[in-house]
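Visitor:
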Amino acid sequence: MISLRPTRQISAFTIAAVLSIGSATAQNIVTRGTRLGGSPAIGLDEAVEQADQYADRLLTLEGEVKRVCQVKGCWMELVRPGDDRGIRVTFRDYAFFVPTDSAGQRARLEGRLETNVFSKADADHLIAEGVALTRNPDGTATEVSFVAQGVELHQ
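Heads up, the sequence shown is in numbering that gives the first Met the number 0, so the first residue is 0 and it goes up one at a time.
Here's what the structure looks like:
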């Protein structure tokens with residue numbers, strides 16, 4: 000008589016192994032905010048250069064996290080891999096933050112572009128936190144940024 004018991008154990012082991020692989024993959028994605036939807040994806044260069052064209056539209060951006068606020072993760076800078084400057088990302092309604100060790104990770108974000116003019120004092124504060132801003136002649140700074148409502152960080 001042939002025993003089926005070892006076969007069942009192998010099957011249970013195989014199922015457990017497959018499930019753990021799926022879990023490991025899911026654990027490598029850190030999510031914050033709302034779940035990403037199906038908004039159109041645009042390139043970072045296009046986002047910065049044509050911000051007016053995309054005003055008030057829900058968009059998806061992808062890139063590499065270059066810098067993160069080291070105080071609490073309340074902003075990050077997203078760049079194309081290999082670039083030094085990109086677009087600063089904040090989080091809608093200050094409702095969530097990203098891990099302060101997110102630099103170097105790939106990110107997918109959904110949100111909206113906005114253009115802000117910072118006072119000299121606000122520009123000084125942001126630069127002290129590590130934000131890469133270009134100042135206007137009067138000491139203020141104009142910045143195109145992205146306000147994310149949802150973030151996926153791929154480790």
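Glycine included, every Cβ here is placed at the ideal spot set by N, Cα and C.
Small disclaimer: the values here were computed from a predicted structure and weren't measured.
(1) Based on DSSP bridge pairs, tell me the residues matched to Asn115.
(2) Roughly how many angstroms lie between the CA atoms of Glu128 and Gly81, to the nearest whole one?
(3) Note the first and the last residue of the continuous alpha helix (DSSP H) segment covering Glu63.
(4) Within 10 Å of its beta-carbon, does Val166 have 16 or more other beta-carbons around it, so buried, or fewer, so exposed?
(5) Within a Cβ cutoff of 6 Å, which residues of the same chain sit near Val29, ignoring the five residues on either side of it in sequence?
(6) Quick one: residues in its chain with C-beta nearer than 6 Å to the C-beta of Ala140, no 5 flanking neighbours on either side, listed in chain order?
Guide: From the atom records:
(1) Its beta-bridge partners are Glu142.
(2) Cα-Cα distance, rounded: 22 Å.
(3) Going by DSSP, Glu63 is part of no alpha helix (DSSP H) but of the beta strand (DSSP E) stretching over Leu58 to Val67.
(4) The first residue shown for the chain is 0 and the last is 154, placing residue 166 beyond what the model contains.
(5) Residues Leu152 of the same chain have their beta carbon placed closer than 6 Å to that of Val29, with the five preceding and five following residues left out of the count.
(6) Excluding residues within five positions, the ones whose Cβ falls inside 6 Å are Phe117, Ala122, Leu132 and Arg134.
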